[in-house]
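A quick write-up on the structure given underneath.
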Amino acid sequence: MSLPRAYSVKAYSAADAKSPLASTTISRRQPAERDVQIDILYCGVCHSDLHFARNEWGFTQYPAVPGHEIIGRVTAVGGGVKKIKVGDIAGVGCLVDSCRTCPECRAGLEQFCPDMVMTFGSSDKHLGGGTLGGYSQSIVVTEEFVLRIPANLNPAAAAPLLCAGITTYSPLRRWKVGAGQKVGIVGLGGLGHMGLKFAHAFGAHVALFTSSPGKAADAKRLGADEVVISKDEAQMSAQAGSFDFILDTVAAVHDLNAYVNLLKRDGNLVLVGAPGEPLSIAAFPMLMRRRSFSGSLIGGLPETQEMLDFCGRHNIESDIEMIRMDQINEAYERMLRSDVKYRFVIDMASLK
Ligand code: NAP
Ligand code: ZN
Ligand code: ZN
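Under the numbering used here, the residues of the sequence shown are numbered 534 to 885, in order.
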C-alpha cells in the first residue's frame with residue numbers, strides 16, 4: 534500500500550502519560566476526492582482530552598494529540614465534495630470516519646459503529662499510527678464528517694458544541710426531556726453548562742447539582758431554576774424521589790446512589806461523565822421504584838447537525854475562556870480543580 538502524500542503542520546502533543554503537552558510537528562494527508570482541508574481557528578478543551586493525554590482510559594498511543602471540538606476555515610476541498618466549499622467555516626467533532634454500511638451507520642448513529650474512527654486515539658487508515666486531534670494548525674476530514682456551522686454563531690463559542698453540545702443534547706432528546714418535567718444536571722463544567730442551556734431551552738424545570746457553591750449564580754444565569762449543593766445532605770434529601778431525569782456529567786469517581794435516590798418511579802439517571810475507574814450502584818433503590826441507569830455517547834452526524842442548527846436558531850453558544858496553546862497544561866490543572874468557566878477554547882493563531 535502506498536501512503537498518500539502528506540504535509541506537515543504544527544501541533545501540541547503528549548509524549549507519555551506523565552509529561553506536559555509540548556510543541557511538535559505532525560503529518561496530515563493531502564485532501565483526496567471526498568476530503569475537506571480545514572485551517573483550525575479554535576479548538577475546545579474537553580475533559581476527555583485530559584483523560585486521553587494522561588492515559589486514564591488505558592488505550593492511549595503516544596505521541597497523543599487531543600482535541601475534538603474543532604472549528605476552522607475550509608482551505609481546500611476534493612473534486613467530489615458537495616456540501617462545503619473553500620472559505621466556509623466548518624466544524625469537526627469526535628468522529629472523523631465510520632464504515633457507512635453497518636446498521637448503526639445506516640441509523641445515523643455512527644458513534645456506535647464497530648469501525649468508527651475517533652478524531653484522536655483511533656488507527657489512522659490513511660497515514661498509519663494513531664489519529665491526531667485538533668490541537669494543531671490544520672486537519673483533513675472526509676466531507677460526511679464535517680459539520681456546517683450556523684453563520685450567526687461566534688465560531689470560538691461554537692467549538693464546544695461539537696462535543697459538549699452534542700453529548701448533552703443527545704440524551705436530553707432521546708429521553709424526551711421537556712415541559713412538565715423536573716430535570717437535574719450534575720456538575721457545572723463544559724458538559725454541564727451546555728446541559729443546563731439545552732434542558733432550559735426544551736422547557737424543563739432544571740436543577741443544577743454542584744460541588745462548588747460559588748457557581749450558584751452562574752448556574753441560574755445559564756438556565757437553572759434551582760441549585761443544589763451536592764455535598765449538603767439536607768439539600769440533597771429535600772429532593773428525594775422528585776426527578777424525572779438526571780444527567781450526570783461528573784469527570785471523577787463519585788456516589789451515583791445519591792442521585793438514584795432523587796429519581797421518581799421510572800425516573801432515569803443517564804451517565805455521560807467518563808471516569809476511568811468503576812462506579813457502584815446499590816440494588817434496592819433501583820428495584821424499589823423501577824428506576825433506570827443508562828449511558829450515552831456523543832451523538833451521530835445527523836443529530837450533531839440538528840443540534841448545531843438548533844443552536845443557530847436559538848442563539849445558543851458555549852460560555853468560553855480563550856487560552857493560548859501554550860496555556861494548555863495550566864488549563865488542565867484548572868479543569869481538575871473544577872475551575873473552568875465554562876469551557877476553555879484554544880485560539881489556534883497562538884500556535885503559529
Ligand atoms: P469538566 O469541564 O471538567 O466538568 C466536570 C465537572 O464535574 C466539574 O466542573 C465539577 O462541577 C464536577 N466534578 C468534577 N470532579 C468532581 C468530583 N470529584 N465530585 C463531584 N463533582 C465533580 O469536564 P467535561 O469536559 O464537562 O467532561 C465531563 C466528563 O464527561 C469527563 O469524564 C469527560 O471525559 C466525559 N465526556 C463524555 C462524553 C460522552 O460522550 N459520554 C463526551 C464528552 C465528555 P461542579 O464544580 O459543578 O461540581
Ligand atoms: Zn469531548
Ligand atoms: Zn458502521
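Ideal Cβ placement from N, Cα and C applies to all residues, glycine included.
Original post:
Can you find at least 3 beta carbon pairs, one from the stretch 693-708 and one from the stretch 825-840, that sit closer than 8 Å?
Top reply: Short answer: they touch.
**OP:** Return yes when the C-beta of V805 is under 7 Å from any heavy atom of ligand 1, and no when it is not.
**Re:** Within the cutoff, so yes.
Original post:
Going straight from the alpha carbon of A816 to that of L705, what length do you get?
Top reply: A816 and L705 have their C-alpha atoms spaced approximately 25 Å apart.
Subject >> Unbroken beta strand (DSSP E) run spanning I879, endpoints >> reply: Its beta strand (DSSP E) spans residues 876-880.
Original post:
Tell me which same chain residues have a C-beta within less than 6 Å of the C-beta of F877, skipping the five on either side of it?
Top reply: Around F877, the same chain offers V578, E854, I856, A864 as residues with beta carbons nearer than 6 Å, after the five sequence neighbours per side are excluded.
**OP:** Flag P808 as yes when its Cβ comes closer than 7 Å to any non-hydrogen atom of ligand 1, and as no otherwise.
**Re:** Indeed, a heavy atom of ligand 1 lies less than 7 Å from the Cβ.
Original post:
Does at least one heavy atom of ligand 3 sit under 7 Å from the Cβ of E676?
Top reply: No.
Original post:
Does the separation of the CB atoms of M821 and A791 fall below 8 Å?
Top reply: No.
Original post:
Whole alpha helix (DSSP H) runs in the stretch 614-688 with 4 or more residues, listed along the chain?
Top reply: Those alpha helix (DSSP H) runs which fall completely within the stretch 614-688 and span 4+ residues are 636-639.
**OP:** Return yes when the C-beta of S656 is under 7 Å from any heavy atom of ligand 3, and no when it is not.
**Re:** For ligand 3, not one heavy atom lies less than 7 Å from the Cβ of S656.
Original post:
Nearest CA to the CA of R588: which residue from A807, L830, L884?
Top reply: Reading off the sequence, residue 588 comes out as Asn, not Arg. Scanning A807, L830, L884 for the CA closest to the CA of N588 turns up A807.
Subject >> Whole-angstrom distance between Q860 and F923, CA atom to CA atom >> reply: Absent from the structure is residue 923, since the part of the chain shown begins at 534 and ends at 885.
Original post:
With 16 as the cutoff for other CB atoms within 10 Å, does F592 come out buried or exposed?
Top reply: By the neighbour-count rule (16 or more Cβ atoms within 10 Å), F592 is not buried but exposed.
Original post:
Any heavy atom of ligand 4 closer than 7 Å to the CB of I762?
Top reply: This structure does not include ligand 4; its bound ligands are ligand 1, ligand 2 and ligand 3.
Original post:
Since K885 is in the alpha helix (DSSP H), which residue starts that stretch and which ends it?
Top reply: Where K885 is concerned, there is no enclosing alpha helix (DSSP H), given that its DSSP letter is neither H nor E.
Original post:
The beta strand (DSSP E) with D777 in it runs from where to where?
Top reply: Looking at the DSSP string, the run of the beta strand (DSSP E) that includes D777 is 776-781.
**OP:** Taking all protein chains shown into account, decide if I831 is buried (16 or more other Cβ within 10 angstroms of its Cβ) or exposed.
**Re:** Classification of I831: buried, given that the 10 Å Cβ count is 16 or more.
Original post:
Got a sec: does ligand 2 put a non-hydrogen atom nearer than 7 Å to the Cβ of H726?
Top reply: H726: no, Cβ never under 7 Å from ligand 2.
Original post:
Got a sec: does ligand 2 put a non-hydrogen atom nearer than 7 Å to the Cβ of S581?
Top reply: The answer is yes for S581.
Original post:
Any heavy atom of ligand 1 closer than 7 Å to the Cβ of S829?
Top reply: S829: yes, Cβ under 7 Å from ligand 1.
Subject >> Supposed close pair P599, F585 - CB separation, criterion 8 Å >> reply: Yes, P599 and F585 are in contact; Cβ-Cβ is about 5 Å, under 8 Å.
**OP:** Identify, in the order they occur along the chain, each residue of the same chain with its Cβ nearer than 8 Å to the Cβ of T675, setting aside the five sequence neighbours on each side.
**Re:** Apart from the 5 residues on each side of it in sequence, T675 sits with its Cβ closer than 8 Å to the Cβ of R567, D568, V569, V629, D630 in its chain, given in chain order.
Original post:
If you scan the stretch 538-609 from start to end, which runs of the alpha helix (DSSP H) of 4 or more residues do you find wholly inside it?
Top reply: You should have 580-586.
**OP:** Indicate the three-state DSSP secondary structure (helix, strand or coil) for A740 in the structure shown.
**Re:** In the three-state scheme derived from DSSP, where H, G and I count as helix and E and B as strand, A740 is classed as strand.
Original post:
Got a sec, what are the start and stop residues for the alpha helix (DSSP H) F843 sits in?
Top reply: Looking at the DSSP string, the run of the alpha helix (DSSP H) that includes F843 is 834-847.
**OP:** Report all residues from its chain with a CB closer than 7 Å to the CB of V619; omit the five preceding and five following residues, and keep chain order.
**Re:** Answer for V619: V607, T608, A609, V610, listed in chain order.
Original post:
Among residues of its own chain, excluding the 5 on either side of H738, which ones have a beta-carbon nearer than 6 Å to its beta-carbon?
Top reply: K715, D758, listed in sequence order.
**OP:** Mind the definition here: the stretch 642-662 touches the stretch 540-550 only if three or more C-beta pairs lie below 8 Å; say whether that holds.
**Re:** The stretch 642-662, when compared against the stretch 540-550, does not touch it at the 8 Å Cβ threshold.
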